[in-house]
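As structure tokens, the structure follows; a few thoughts come after it.
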Amino acid sequence: MSVILVFLLVIAGFAGWWLSHQRLMTKPWLEQGVAEDFVPFDRSGLPTAKIGLGVFLAVVGCLFALFTSAYFMRMALSDWQPLPMPRLLWLNTGMLVLSSIALQCASVAARKRQMDTVKLGLAAAGLTAIAFLVGQLMAWRDLTADGYFLASNPANSFFYLITGMHGLHIVGGLVGLGRTTAGAWNGARPERLRLSVELCAMYWHFLLFVWLAIFALLAGWAGTFIDICRQLLT
């Protein structure tokens, strides 16, 4: 239970940081520009799409928190045999970091209406994200070649389950990123393109945060962190 609490506290902190950067005090009726360029806002001044994505990410965060809690509870049993963490995961982590950075650059460029930089950032984000997925599949292949199969041990099952779920969310993100990239090349309206890029960046930053937590979990670092948090909470 404490694992879920710690994870949710981190998610809440991430959400608070995100909300503080979302122009909650803006006054859209004072903005300059063409009326069709503006996206719908709710009464708080925050785009409805961002609120919807924020709720979705909160649900995804709870899902991974439950997986993490189950991981810690299951590893306490005697039949748990941790598998070696593939070195390739370090390179994959670097690819996902680069993908998140590229989308952040594209988001900044979209605010400044620098379309060439937006296109470059979106393309770089997509390519590095695909490289991350290919790397994950190669890590799975190396593990199975060494005899670490899905049903061989509970630790193996959790590894494939957690990394597979994260990979599926990356695939879903690539669908949205592909649509955003197509809009950038087809001359989408600047304000709508800006919102779409910001949504992709928000999603990618969240998946990077989740992956870093998964990486720490698989590397065995999360146990020490949880022990420290338990001591602070008691």
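Be aware that the sequence shown starts at 2, since it is given in our numbering, and climbs by one per residue. We put the CB at the ideal spot given by N, CA and C, even for glycine. Keep in mind that this is a model prediction, so the values were computed, not measured.
Under the 8 Å Cβ criterion, the region 78 to 97 counts as touching the region 198 to 218, having at least three qualifying pairs. By the neighbour-count criterion, in which 16 or more other beta carbons inside 10 Å mark a residue as buried, P87 falls on the buried side. Distance check between Y161 and each of G173, L144 and D117 places L144 closest, using alpha-carbon atoms only. V198 and V98 do not touch by the CB rule: their CB atoms are close to 18 Å apart, not below 8 Å. For D143, the enclosing alpha helix (DSSP H) covers residues M116 to A146. If you check the CB distance, L104 and A126 come in under 7 Å. When the beta-carbon positions are compared, L208 and L54 stay at least 7 Å from each other. The region 136 to 156 and the region 101 to 115 do not touch, with fewer than three beta-carbon pairs separated by less than 8 Å. Cβ neighbours of H206 within its own chain (closer than 6 Å, five residues either side excluded): S101. With a contact defined as Cβ atoms closer than 8 Å, Y149 and G174 miss out at about 27 Å. Comparing alpha-carbon positions, the option among T129, A107, H167 and I171 lying closest to L121 turns out to be A107.
Using a Cβ distance threshold of 7 Å, I131 and F68 do not count as a contacting pair. For the set A202, L84, H170 and G165, the Cα lying nearest the Cα of T181 is the one of A202. Of all alpha-carbon atoms in P83, D117, W81 and D80, the one lying nearest the alpha-carbon of W186 is that of D117. At the C-beta level, V211 and F65 come within 7 Å of one another. Distance from the CA atom of Y72 to the CA atom of A140, rounded to whole angstroms, is 20 Å.
Take the alpha-carbon of M96 and the one of G179: they are about 18 Å apart. When the five nearest sequence neighbours on each side are left out, the beta carbons in the same chain lying within less than 6 Å of the beta carbon of P83 are those of A156, in order along the chain.
At a Cβ-Cβ threshold of 7 Å, P48 and L196 count as neighbours.
Residue environment for G136: buried (at least 16 other C-beta atoms within 10 angstroms of its C-beta).
In this structure G168 touches L134 by the C-beta definition: roughly 6 Å separates them, less than 8 Å. Per DSSP, S197 is one residue of the alpha helix (DSSP H) stretching across P191 to A220. Put simply, of L78, G184 and M166 the residue whose alpha carbon is nearest the alpha carbon of G62 is M166.
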